[in-house]
Amino acid sequence: MAAKRPSGWAVRLMALDRRVIFVLIFLATALPLLFPVNLPITASPRVKAAFDTVDRLPAGTYVLMSLDYEPDIKAELQPMSIAVLRHCFRKGLKPIVLTLYPAAPGLIERALAIASEAEGKKRNEDFVFLGYKSGSQSVILGLGESIRTMFPRDFWGTPLDDIPMMKGKNSYADFPLVINLSGSAIADYYIRIAATRYQRPMVLGATAVMATDYYPYLSSKQILGLIGGMKGAAEYERLMDITGDARRGMDAQSLIHVTIALLVILGNVALFFTGGLKPGGSGGAREGTGR
Amino acid sequence: MRNGPLVITFLVATSLVAMFFIPHHKVQEGQSVLLNWANVVYAFALILGSLTLWVSHQKKVLARAEGWPYSVVTLAALSFVTVAGTVQGVEEGTLVNRYYNMVNSPLASTMFALLAFFIASAAFRAFRARNAEATLLLGTAIVMMIGRVSVGEFLWSGFPPVTEWLLDVPNLAAKRAIALGIGLGAISTALKIILGIDRTYLGRS
Chain U
44 MAAKRPSGWA
54 VRLMALDRRV
64 IFVLIFLATA
74 LPLLFPVNLP
84 ITASPRVKAA
94 FDTVDRLPAG
104 TYVLMSLDYE
114 PDIKAELQPM
124 SIAVLRHCFR
134 KGLKPIVLTL
144 YPAAPGLIER
154 ALAIASEAEG
164 KKRNEDFVFL
174 GYKSGSQSVI
184 LGLGESIRTM
194 FPRDFWGTPL
204 DDIPMMKGKN
214 SYADFPLVIN
224 LSGSAIADYY
234 IRIAATRYQR
244 PMVLGATAVM
254 ATDYYPYLSS
264 KQILGLIGGM
274 KGAAEYERLM
284 DITGDARRGM
294 DAQSLIHVTI
304 ALLVILGNVA
314 LFFTGGLKPG
324 GSGGAREGTG
334 R
Chain F
10 MRNGPLVITF
20 LVATSLVAMF
30 FIPHHKVQEG
40 QSVLLNWANV
50 VYAFALILGS
60 LTLWVSHQKK
70 VLARAEGWPY
80 SVVTLAALSF
90 VTVAGTVQGV
100 EEGTLVNRYY
110 NMVNSPLAST
120 MFALLAFFIA
130 SAAFRAFRAR
140 NAEATLLLGT
150 AIVMMIGRVS
160 VGEFLWSGFP
170 PVTEWLLDVP
180 NLAAKRAIAL
190 GIGLGAISTA
200 LKIILGIDRT
210 YLGRS
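Just so you know, the protein sequences line up as chains U and F, in that order. Sequential numbering from 44 applies to the first sequence in the numbering used here. Sequential numbering from 10 applies to the second sequence in the numbering used here.
This is how it looks when you write it as structure tokens:
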């Protein structure tokens, strides 16, 4: 007896040209950015904890911020940096900012410019940017002993001793909070060294794919809050009551996720109708490899 | 003399481990000196890395190896950034700053953004519910994909609690187990190197 022929539509769907998928993803990204719908955003307990940790600090408190990311992941971490910096400025905190990534200073300068302009703050009076230093782990260790040894000058070449704001600030001990927004294992070093060895309260921001790796550190209280990916940044913006790139981007991210989920479901339905999901099924038709 | 590197490794590693736990200021000063040495080594590593990059791409260009035009672009970019950065600095309005904002930043973002297209295509073709485990993974992935974005909350208010449970219970348990495993593995590997049992870093087994 001849085997039942798989449905034509299912076979065609299985062999869907990948360029069709690319067009769908392009539209799912572009349309919500062009026509925002402002989908609701509720803050998760982790982001709320990060926000509250910053919010509880009294005005004038110094915060050490290490912003460790490059342009490849700026879509997630740049809006996060701007939101956290704006929160610090709005609360009257004094962020001392540095980076351990060579291609990061350009992004950080932009984030500082946007945040300081929005909140009316001035360089070297309300914040300092120390710039980049190579060495990652050894620099993080060194910050516990002497910031001046690691960064004798700020990003613009001004000796730290010539910046009145830096007077008496020379190690983790002088900072009641360390914030690390990172797209790499540098976050691990900060947790091991700044949070654990030097016992500094710490808030962490990470990319969405990294964020779940740090949940155990939240429950062990080694970090007090965790901002994960663009969604975390959007939640932070929501708590700040501002609309930045993260909240605008979440509409696009939502539609892309829905599109991918629908594609996966459709792919499985098509596979079912072609016999590929039955025990011993060969798929009924060759799965398209795309072009 | 054969044991020289092993002795140096043992002494430096045990000293650093001890310094990590001894808060006495003299010990910490000693650690600061070692950290400065490490930073000097890092600086030399950057120079060495740049030279190696130059030499390997130069060889490709001279040999007209496959993809040599890309090596020309790499060498040109390396030369341009090094010379312009040294002469002009990297401040706002300088050539390096413009290059960073107009070339480096958009290119890096574009490369990463392309992932969305390939992930979507790969998910459509590879994410199949062929058995119970794959079905469980597929179901969880779809719930997470929808539930972790704003539209999930818009579609069904139950999505956020479900995704939070998935993240806080099964995910956290697995992550904690993996972290402990990695930690124990790292200690074991470090001990093998410190005690000279593992000598592969010397270039021989």
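The beta-carbon is built from N, C-alpha and C at its ideal position, and this holds for glycine as well.
Taking the straight line between their C-alpha atoms, what separation do you get for residue i and residue j?
{"i": "residue 158 of chain U", "j": "residue 94 of chain F", "result": "27 Å"}
{"i": "residue 12 of chain F", "j": "residue 187 of chain F", "result": "35 Å"}
{"i": "residue 77 of chain U", "j": "residue 71 of chain U", "result": "11 Å"}
{"i": "residue 18 of chain F", "j": "residue 45 of chain F", "result": "18 Å"}
{"i": "residue 182 of chain F", "j": "residue 77 of chain F", "result": "48 Å"}
{"i": "residue 328 of chain U", "j": "residue 308 of chain U", "result": "Note that residue 328 of chain U scores a pLDDT of 44, beneath 50, so its modelled location is shaky; the value from the coordinates is reported in the next line. Roughly 18 Å between the two C-alpha positions."}
{"i": "residue 73 of chain U", "j": "residue 295 of chain U", "result": "7 Å"}
{"i": "residue 59 of chain F", "j": "residue 87 of chain F", "result": "8 Å"}
{"i": "residue 334 of chain U", "j": "residue 292 of chain U", "result": "Because residue 334 of chain U carries a pLDDT of 41, less than 50, the predicted location of this residue cannot be relied on, and the following value inherits that uncertainty. Taking the straight line joining both Cα atoms gives about 30 Å."}
{"i": "residue 100 of chain F", "j": "residue 53 of chain F", "result": "24 Å"}
{"i": "residue 167 of chain F", "j": "residue 63 of chain F", "result": "56 Å"}
{"i": "residue 43 of chain F", "j": "residue 20 of chain F", "result": "13 Å"}
{"i": "residue 96 of chain U", "j": "residue 280 of chain U", "result": "15 Å"}
{"i": "residue 161 of chain F", "j": "residue 84 of chain U", "result": "10 Å"}
{"i": "residue 325 of chain U", "j": "residue 315 of chain U", "result": "For residue 325 of chain U, the predicted structure reports a pLDDT of 48, less than 50, and the residue's modelled location is therefore unreliable. A value from the coordinates is still provided. Cα to Cα, the separation comes out at about 11 Å."}
{"i": "residue 247 of chain U", "j": "residue 223 of chain U", "result": "5 Å"}
{"i": "residue 102 of chain F", "j": "residue 75 of chain U", "result": "33 Å"}
{"i": "residue 30 of chain F", "j": "residue 196 of chain F", "result": "16 Å"}
{"i": "residue 44 of chain U", "j": "residue 51 of chain U", "result": "Below a pLDDT of 50, predicted positions are generally treated as unreliable, and residue 44 of chain U, at 48, falls in that range; no measurement from the model is reported."}
{"i": "residue 22 of chain F", "j": "residue 213 of chain U", "result": "27 Å"}
{"i": "residue 176 of chain F", "j": "residue 79 of chain U", "result": "29 Å"}
{"i": "residue 209 of chain F", "j": "residue 203 of chain F", "result": "12 Å"}
{"i": "residue 200 of chain U", "j": "residue 166 of chain U", "result": "13 Å"}
{"i": "residue 81 of chain F", "j": "residue 68 of chain F", "result": "11 Å"}
Find the residues of chain F that neighbour residue i, judging by a C-beta separation of less than 8 Å, and give them in chain order.
{"i": "residue 203 of chain U", "result": "Ordered by position in chain F, no residue passes the 8 Å Cβ test against residue 203 of chain U, which lies about 16 Å from the chain."}
{"i": "residue 284 of chain U", "result": "Within 8 Å Cβ-Cβ: nothing; residue 284 of chain U doesn't reach chain F, min ~17 Å."}
{"i": "residue 83 of chain U", "result": "159, 162 and 163"}
{"i": "residue 238 of chain U", "result": "Chain F residues near residue 238 of chain U: none, gap ~14 Å exceeds 8 Å."}
{"i": "residue 184 of chain U", "result": "40 and 44"}
Taking Cβ-Cβ distances shorter than 8 Å, what residues in chain U pair up with residue i?
{"i": "residue 35 of chain F", "result": "Ordered by position in chain U, no residue passes the 8 Å Cβ test against residue 35 of chain F, which lies about 12 Å from the chain."}
{"i": "residue 137 of chain F", "result": "310, 311, 314, 319 and 320"}
{"i": "residue 11 of chain F", "result": "The premise fails here: residue 11 of chain F is roughly 29 Å from chain U at the closest Cβ pair, so nothing lies under 8 Å."}
{"i": "residue 109 of chain F", "result": "146 and 149"}
{"i": "residue 176 of chain F", "result": "255 and 258"}
{"i": "residue 147 of chain F", "result": "307 and 311"}
Whose Cβ in chain U lies nearer than 7 Å to the Cβ of residue i?
{"i": "residue 56 of chain F", "result": "Ordered by position in chain U, no residue passes the 7 Å Cβ test against residue 56 of chain F, which lies about 11 Å from the chain."}
{"i": "residue 22 of chain F", "result": "What residue 22 of chain F touches in chain U: nothing, since even the nearest Cβ is about 14 Å away."}
{"i": "residue 158 of chain F", "result": "274, 293, 296, 297 and 300"}
{"i": "residue 93 of chain F", "result": "Here the premise fails: no neighbours, minimum Cβ distance about 14 Å."}
{"i": "residue 188 of chain F", "result": "259"}
Measure the Cβ-Cβ separation of residue i and residue j and say whether it is below 9 Å.
{"i": "residue 41 of chain F", "j": "residue 239 of chain U", "result": "no"}
{"i": "residue 126 of chain U", "j": "residue 268 of chain U", "result": "no"}
{"i": "residue 65 of chain U", "j": "residue 126 of chain F", "result": "yes"}
{"i": "residue 297 of chain U", "j": "residue 173 of chain F", "result": "no"}
{"i": "residue 229 of chain U", "j": "residue 150 of chain U", "result": "no"}
{"i": "residue 304 of chain U", "j": "residue 151 of chain F", "result": "yes"}
{"i": "residue 137 of chain U", "j": "residue 94 of chain U", "result": "no"}
{"i": "residue 196 of chain U", "j": "residue 186 of chain U", "result": "no"}
{"i": "residue 122 of chain U", "j": "residue 249 of chain U", "result": "no"}
{"i": "residue 113 of chain U", "j": "residue 146 of chain U", "result": "yes"}
{"i": "residue 376 of chain U", "j": "residue 190 of chain U", "result": "Summary: the structure shown does not reach residue 376 of chain U, with chain U confined to residues 44 through 334, and so no result is reported for it."}
{"i": "residue 56 of chain U", "j": "residue 132 of chain F", "result": "no"}
{"i": "residue 313 of chain U", "j": "residue 63 of chain U", "result": "no"}
{"i": "residue 90 of chain U", "j": "residue 206 of chain U", "result": "no"}
{"i": "residue 265 of chain U", "j": "residue 234 of chain U", "result": "yes"}
{"i": "residue 252 of chain U", "j": "residue 158 of chain F", "result": "no"}
{"i": "residue 114 of chain F", "j": "residue 117 of chain U", "result": "yes"}
{"i": "residue 48 of chain F", "j": "residue 225 of chain U", "result": "no"}
Strictly below 7 Å CB to CB, what residues from chain F border residue i?
{"i": "residue 256 of chain U", "result": "184"}
{"i": "residue 178 of chain U", "result": "47, 48 and 51"}
{"i": "residue 189 of chain U", "result": "41"}
{"i": "residue 20 of chain U", "result": "Residue coverage of chain U in this structure runs from 44 to 334, which leaves residue 20 of chain U outside it and unanswerable."}
{"i": "residue 124 of chain U", "result": "Chain F residues near residue 124 of chain U: none, gap ~14 Å exceeds 7 Å."}
Report the neighbours of residue i on chain F: residues whose CB is nearer than 9 Å to its CB, in chain order.
{"i": "residue 118 of chain U", "result": "118, 121 and 122"}
List, in chain order, every chain U residue whose beta-carbon is nearer than 9 Å to that of residue i.
{"i": "residue 88 of chain F", "result": "Those within 9 Å of residue 88 of chain F in chain U number zero; the least Cβ separation is about 17 Å."}
{"i": "residue 126 of chain F", "result": "61, 64, 65, 68 and 69"}
Does the CB of residue i have a neighbour CB from chain B at under 9 Å?
{"i": "residue 193 of chain U", "result": "Reference to chain B is not applicable here, since the protein chains of this structure are U and F."}
Three or more C-beta pairs closer than 8 Å, one from the segment 126 to 135 of chain U and one from the segment 95 to 110 of chain U: is that the case here?
-> yes
At a cut of 8 Å, does the segment 243 to 261 of chain U reach the segment 166 to 175 of chain U through at least three beta carbon pairs?
-> no
Are the segment 210 to 229 of chain U and the segment 243 to 253 of chain U touching by the rule of at least three beta carbon pairs closer than 8 Å?
-> yes
For the segment 29 to 89 of chain F, list the alpha helix (DSSP H) runs that are entirely contained and at least 4 residues long, ordered along the chain.
-> Taken in chain order, the unbroken stretches of alpha helix (DSSP H) that lie wholly in the segment 29 to 89 of chain F and span 4 residues or more are 34 to 71.
Secondary structure, alpha helix (DSSP H): runs of 4+ residues fully inside the segment 208 to 291 of chain U | Segments of the alpha helix (DSSP H) lying fully in the segment 208 to 291 of chain U: 229 to 233, 251 to 254, 258 to 262 and 272 to 283.
Note down, one range per segment and in chain order, each alpha helix (DSSP H) of at least 4 residues found wholly within the segment 129 to 189 of chain U.
-> 148 to 162 and 180 to 185
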